[in-house]
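Here the structure comes first, spelled out in structure tokens, and everything after it is commentary.
Below, the structure is given as structure tokens:
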């Protein structure tokens, strides 16, 4: 499995000056179309690369980002992971900005959504006994 690490030196599709990418050599247009072994190889490099970036830049944190599909902002249709080093108050998006945009769903809608997702995750030929083992629990 070959994975490329790319530390950007240009501003082409780069969010932040220390923004880096982990890119598989094999082509897949999106993460959901990428073989699990390739996804595992890509993500297995994150600790090593992100720690090196944080030490070299003095950043204490980082974001991992995968834009998967046009509605999610994907413009390069070859699977890749963005590593974006972060410093406090660096004026990039923050979890606080995401919290301001929360969608309020009632309990019934949440339950329906959980049921639909569980149905997609469970193999259709799975026995009823296996299904009762609560493979996809919505509770922690």
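Numbering (the UniProt record's numbering), first residue to last: 1 to 140.
Ideal placement from N, C-alpha and C gives every residue a C-beta, glycine not left out.
Keep in mind it's a predicted model, so treat the numbers as computed, not measured.
Along the UniProt domain "HIT" (1 to 93), the beta strand (DSSP E) occurs as fully enclosed runs of 3 or more residues at 3 to 7, 20 to 24, 61 to 65, 81 to 86, listed in sequence order. For the 9 Å CB-CB criterion, residue 29 and residue 41 do not form a contact. Fewer than three Cβ pairs drawn from the stretch 103 to 110 and the stretch 60 to 68 lie within less than 8 Å of each other, which leaves the two stretches out of contact. Using a 10 angstroms sphere on the CB of residue 19, the tally of other CB atoms reaches 16 or more, which defines it as buried. According to the DSSP assignment, residue 124 belongs to no alpha helix (DSSP H), since it is labelled neither H nor E.
Under the 10 Å beta carbon count, residue 80 is surrounded by 16 or more other beta carbons and is classified as buried. Just measuring C-alpha positions, the residue of 72, 52, 116 sitting nearest residue 85 is 52. In this structure, residue 67 keeps its C-beta atom at 9 Å or more from the C-beta atom of residue 32. Of the residues 44, 110, 74, 55, the one whose Cα lies closest to the Cα of residue 87 is 55. Non-local beta-carbon contacts of residue 73 in its own chain, meaning distances under 8 Å to residues more than five positions away in sequence, involve 67 in chain order. Taken atom to atom, the span from the alpha-carbon of residue 82 to that of residue 118 is near 29 Å.
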